[in-house]
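Sequential numbering of the sequence shown, starting at 7, is according to my numbering. Each residue gets a CB set at the ideal place from its N, CA and C atoms; glycine is no exception. Written below as structure tokens is the structure these notes are about.
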Amino acid sequence: MDEALLNRHHLPYRICVRCEKTTINGAPYCMRCGAGAHGSRSQAPGMSPEAPEPAIIPMIETPDGAPPISWEIPENLRHTALLKRQKLIPSDGFERRLASFLVSAPTADRIQLLSLGRIPIEPRPYQIDSAVSILESMRGSGILADEVGLGKTIEAGIVLKEMILRDTIRRVLILVPASLVFQWKQELEEKFDLVVTEPVSPDTLVEAESDGIHLLSLARAKSTKVQEALLRIPWDLVLVDEAHALKNHLTQSHRFVFSLKRKYTVLLTATPVQNDLRELYNLINIVSPGFFRSIRWFRRKFMVDRFTVREPEQLRSACARVMVRHRRADTLIQLPPRKVNNCVVIPSEMESELFDLTMELARRTMSQMAGEGEHTALLLSILLKESTSSPQALLATLESAVLPRAVREKESLLLRRVIELGRQVKVTAKMRELVRQVMSDPEPIIVYTEYIETLRTLRNLLTEAGARVFVYSGQLRMREKADTLLAFRAQGGVLLSTEVGGQGLNLQHCHRMVNFDLPWNPMRLEQRIGRIHRFGQQEPVQITNITAAGTFEEVLMRVLLSKIRLFELVIGEIDSILAYLQDPVPLDQRIGRMILESPSMSVLTERMEQLAEEIQAAQRAFTEDQLISAKVLDLPAGTAPT
Numbered sequence: 007m008d009e010a011l012l013n014r015h016h017l018p019y020r021i022c023v024r025c026e027k028t029t030i031n032g033a034p035y036c037m038r039c040g041a042g043a044h045g046s047r048s049q050a051p052g053m054s055p056e057a058p059e060p061a062i063i064p065m066i067e068t069p070d071g072a073p074p075i076s077w078e079i080p081e082n083l084r085h086t087a088l089l090k091r092q093k094l095i096p097s098d099g100f101e102r103r104l105a106s107f108l109v110s111a112p113t114a115d116r117i118q119l120l121s122l123g124r125i126p127i128e129p130r131p132y133q134i135d136s137a138v139s140i141l142e143s144m145r146g147s148g149i150l151a152d153e154v155g156l157g158k159t160i161e162a163g164i165v166l167k168e169m170i171l172r173d174t175i176r177r178v179l180i181l182v183p184a185s186l187v188f189q190w191k192q193e194l195e196e197k198f199d200l201v202v203t204e205p206v207s208p209d210t211l212v213e214a215e216s217d218g219i220h221l222l223s224l225a226r227a228k229s230t231k232v233q234e235a236l237l238r239i240p241w242d243l244v245l246v247d248e249a250h251a252l253k254n255h256l257t258q259s260h261r262f263v264f265s266l267k268r269k270y271t272v273l274l275t276a277t278p279v280q281n282d283l284r285e286l287y288n289l290i291n292i293v294s295p296g297f298f299r300s301i302r303w304f305r306r307k308f309m310v311d312r313f314t315v316r317e318p319e320q321l322r323s324a325c326a327r328v329m330v331r332h333r334r335a336d337t338l339i340q341l342p343p344r345k346v347n348n349c350v351v352i353p354s355e356m357e358s359e360l361f362d363l364t365m366e367l368a369r370r371t372m373s374q375m376a377g378e379g380e381h382t383a384l385l386l387s388i389l390l391k392e393s394t395s396s397p398q399a400l401l402a403t404l405e406s407a408v409l410p411r412a413v414r415e416k417e418s419l420l421l422r423r424v425i426e427l428g429r430q431v432k433v434t435a436k437m438r439e440l441v442r443q444v445m446s447d448p449e450p451i452i453v454y455t456e457y458i459e460t461l462r463t464l465r466n467l468l469t470e471a472g473a474r475v476f477v478y479s480g481q482l483r484m485r486e487k488a489d490t491l492l493a494f495r496a497q498g499g500v501l502l503s504t505e506v507g508g509q510g511l512n513l514q515h516c517h518r519m520v521n522f523d524l525p526w527n528p529m530r531l532e533q534r535i536g537r538i539h540r541f542g543q544q545e546p547v548q549i550t551n552i553t554a555a556g557t558f559e560e561v562l563m564r565v566l567l568s569k570i571r572l573f574e575l576v577i578g579e580i581d582s583i584l585a586y587l588q589d590p591v592p593l594d595q596r597i598g599r600m601i602l603e604s605p606s607m608s609v610l611t612e613r614m615e616q617l618a619e620e621i622q623a624a625q626r627a628f629t630e631d632q633l634i635s636a637k638v639l640d641l642p643a644g645t646a647p648t
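Spelled out as structure tokens, the structure:
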């Protein structure tokens, strides 16, 4: 753990003599290597490592003059006990007592978080404050209402991890918008080492098998059969993201969540107040029923009308007992600006023909396989994205015979022509432009692509051009990934990465990034940007998007992403904006359908314009709600709460 972070948060710590790493003081073993507490040097907050070493207190008192009694827990036994706790596997007798001993810590003025030594990230101090407030002041139930982009997911993850380590919870239900299910699963598994399941049917939610962390979209959870199963189960913790969806007590969403059997409830929303002050009452009544006595009492005490607060200071003071809210202005996090370059290259005639024929093949297949469900649409979407990424990626899919046999037989001539063209196009205009940009500036640069075949092709081209190239993908082992990142940080050059590198990495030493191909999910783009545009970045961040003229990828960039100003949004903001859309279908699926069902580029452009307007309307609504929430809940800038 970072000593500066521990000192800033006034957490006493010690230094292990075996691995020389810091760990929280009072823990009976080093959270890095497992060495016993007797093999550590205690460190008080703010004390430098060079300060005089305090006396070592033995774990068990011994007679004067006798050596201290100490022991180390066998690594396999310690690992098994912690694994049982983390994965929520019931344990009994000695193993359970041992697990409690391993993760216990002495009480202090404020709760000491055991989870900080068990996660591979270093939360910001205000995120730790939020988690401590939920766990200690609010007794496990509250609303995380930080402004967008401050990491409410991290705060919720700390709360979740801490409760699991302390054996407070075993049965967890997490409800999020459909567009955020994958992202939540990814964050909890990679940043908090938690096992998350997505129940495939109500049968998997029967009470006897319901221990664990269950992640569902709110829309799916409300479906009749799933809802019935969820309502039968007594949950230890229910966590809801984008919880403003519960603001109206008359909606099915509110009634469903309110009816869940639960010990603890945590809601996440950047906009707890939107159109009506009663929405604030409705959300707080979920986490703490009766907190405001009744809606009649709340109206009489705090409301002049739907939009005007009667006693603003009293309301803020009351809300602070069940709600944590930070503003960016209060966190002192200031990031350098972003500079975006949308580079459109002119493809060769052969490239254009390859793209057009792939579009034709995809549309014919879609027409012939109508009614086959989302599987066909997903497959064809992959083909289309590969066609704008590289011929090599497209060929890898086409030559693996993934298209239905009926289509391969009926469209054999067209399929053969696409494959022939793909083999002839060795280097595309986009590839030449990438090589030019990489070689024109010696500064380190990260290049993202979705496809491993494209990555291999780019590696060969850049290596031939004389660049120092490092490759980061899901095919590497954990140790190889770590070595790759260390080498890139030390030597610079080019880091070629698939989407694996868009998640959970800190690459702020680099300020240049290229999107060689564009994911259709804006949140994926945001994740990529967030790897370098984060706390610790010292330089203006340069983002380059390379697209080929006349392709749907160029339309996506020119019409959709530019209109919604994606590259100017605060990290995390697009999540909240998309949650305001009325259509529950994930945005990338909607975009794929548009491309497949549009007979021409002009029609596609028109449909993209309509989608952009829909997202812009969601942006406006979100911005208005932020202003309303700030007016009701926030003190004037620079004013400390009393």
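Buried or exposed (CB count within 10 angstroms, at least 16 for buried), Met563: As a position in the sequence shown, residue 563 is number 557, starting the count at 1. Result: buried.
Contact between the segment 302 to 310 and the segment 264 to 281 (3+ Cβ pairs under 8 Å): With the rule of 3 Cβ pairs closer than 8 Å, the segment 302 to 310 does not count as touching the segment 264 to 281.
Pro278 vs Leu266 beta-carbon contact at 7 Å: Here the question's residue 278 lines up with position 272 in the sequence shown. Here the question's residue 266 lines up with position 260 in the sequence shown. Contact flag unset, no.
Pairwise C-alpha distance: Pro605 and Leu440: Here residue 440 refers to the residue found at position 434 of the sequence shown. Here residue 605 refers to the residue found at position 599 of the sequence shown. C-alpha separation (whole angstroms): 31 Å.
Whole-angstrom distance between Leu610 and Ala412, CA atom to CA atom: Numbered from 1 along the sequence shown, position 406 holds the residue referred to as residue 412. Numbered from 1 along the sequence shown, position 604 holds the residue referred to as residue 610. Cα-Cα distance, rounded: 28 Å.
Nearest neighbour of Glu355, chosen from Asp247, Ala555, Pro450, Ser395 [CA to CA]: Taking the first residue of the sequence shown as position 1, residue 355 is located at position 349. Ranking the options by Cα distance to Glu355, first place goes to Ala555.
CB of Glu161 within 7 Å of CB of Ala184, strictly: Here residue 161 corresponds to residue number 155 of the sequence shown, with the count starting at 1. Here residue 184 corresponds to residue number 178 of the sequence shown, with the count starting at 1. Their beta carbons are not under 7 Å apart, which means Glu161 does not touch Ala184 by this criterion.
Ile597 classed as buried or exposed, judged by whether at least 16 other C-beta atoms fall within 10 angstroms: Indexing the sequence shown from 1 puts residue 597 at position 591. By the Cβ neighbour-count rule, Ile597 is buried, with 16 or more other Cβ atoms within 10 Å of its own.
Beta carbon of Ile180 nearer than 7 Å to that of Leu221: Your numbering for residue 180 matches position 174 in the sequence shown. Your numbering for residue 221 matches position 215 in the sequence shown. Remark: C-beta atoms of Ile180 and Leu221 approach each other more closely than 7 Å.
Val477 and Arg485 closer than 7 Å at C-beta: Here residue 477 is taken as the residue at index 471 of the sequence shown, counted from 1. Here residue 485 is taken as the residue at index 479 of the sequence shown, counted from 1. No, they are not a contact pair.
Anticipated Cβ contact below 8 Å, Pro208 with Val232, distance rounded: As a working note, residue 208 is residue 202 in the sequence shown. As a working note, residue 232 is residue 226 in the sequence shown. That belief holds up - the Cβ atoms of Pro208 and Val232 are roughly 5 Å apart, short of 8 Å.
Closest Cα partner of Pro131 within the set Arg268, Gln189, Asp336: Residue mapping note: residue 131 aligns to position 125 of the sequence shown, counting from 1. Taking only the C-alpha atoms, the option nearest Pro131 is Asp336.
Chain-order list of residues whose beta-carbon lies under 7 Å from that of Val293 (same chain, five-residue window excluded): Working through the sequence shown from its first residue, we reach residue 293 at position 287. These residues qualify, in order along the chain: Ser147, Gly148, Ile149, Thr271, Leu273, Val328.
Cβ-Cβ separation, Val315 to Leu283 (assumed contact under 8 Å), whole Å: As a first step, residue 283 must be located in the sequence shown, where it is residue number 277. As a first step, residue 315 must be located in the sequence shown, where it is residue number 309. Their Cβ separation, rounded to whole angstroms, is 7 Å, which keeps Leu283 and Val315 in contact under 8 Å.
Buried or exposed by the 16-neighbour rule on C-beta atoms within 10 Å, applied to His539: Reading the sequence shown from its first residue, position 533 is the one you call residue 539. His539 should be labelled buried.
Helix, strand or coil at Asp152 according to DSSP, with G and I counted as helix: Reading the sequence shown from its first residue, position 146 is the one you call residue 152. Coil.
Opening and closing residue of the alpha helix (DSSP H) in which Gln548 lies: Taking the sequence shown and counting its residues from 1, the one referred to as residue 548 is at position 542. No alpha helix (DSSP H) holds Gln548; the beta strand (DSSP E) holding it covers 547 to 554.
Nearest neighbour of Trp241, chosen from Arg268, Gly428, Thr469 [CA to CA]: In the sequence shown, the residue the question calls residue 241 occupies position 235. It is Arg268 whose Cα lies nearest to the Cα of Trp241.
Length of the line joining the Cα atoms of Leu421 and Ala235: For the purposes of this step, residue 421 is identified with residue 415 of the sequence shown, where counting begins at 1. For the purposes of this step, residue 235 is identified with residue 229 of the sequence shown, where counting begins at 1. Rounded to whole angstroms, Leu421 to Ala235 spans 47 Å at the Cα level.
Identified DSSP bridge partners for Asn521: Counting from 1 along the sequence shown, the entry for residue 521 is found at position 515. Asn521 is bridged by DSSP to Tyr454, Asn551.
Nearest-angstrom beta carbon gap, Glu248 and Ala585 [assumed within contact, 8 Å]: As a position in the sequence shown, residue 585 is number 579, starting the count at 1. As a position in the sequence shown, residue 248 is number 242, starting the count at 1. About 4 Å separates the beta carbons of Ala585 and Glu248, which is inside the 8 Å limit, making them a contact pair.
With 16 other Cβ atoms within 10 Å as the buried cut-off, status of Val520: Here residue 520 corresponds to residue number 514 of the sequence shown, with the count starting at 1. By the neighbour-count rule (16 or more Cβ atoms within 10 Å), Val520 is buried.
One or two residues paired with His220 in a DSSP bridge: Locating residue 220 in the sequence shown gives position 214, where the first residue counts as 1. According to DSSP, His220 shares a beta bridge with Leu179, Thr203.
Sequence-distant residues of its chain with Cβ nearer than 6 Å to Ile175 (five each side left out): To locate residue 175, count along the sequence shown from 1; it is residue 169. Within the same chain, Ile175 has close Cβ partners Met169, Asp242, Leu243.
Reduced DSSP secondary structure (H/G/I, E/B, other) of Thr271: The sequence position of residue 271 within the sequence shown is 265, counting from 1. DSSP places Thr271 in strand when its eight states are reduced to three.
Run of the beta strand (DSSP E) containing Tyr478, from where it starts to where it stops: For the purposes of this step, residue 478 is taken as the residue at position 472 of the sequence shown. Taken as a continuous stretch (DSSP letters only), the beta strand (DSSP E) holding Tyr478 covers 475 to 478.
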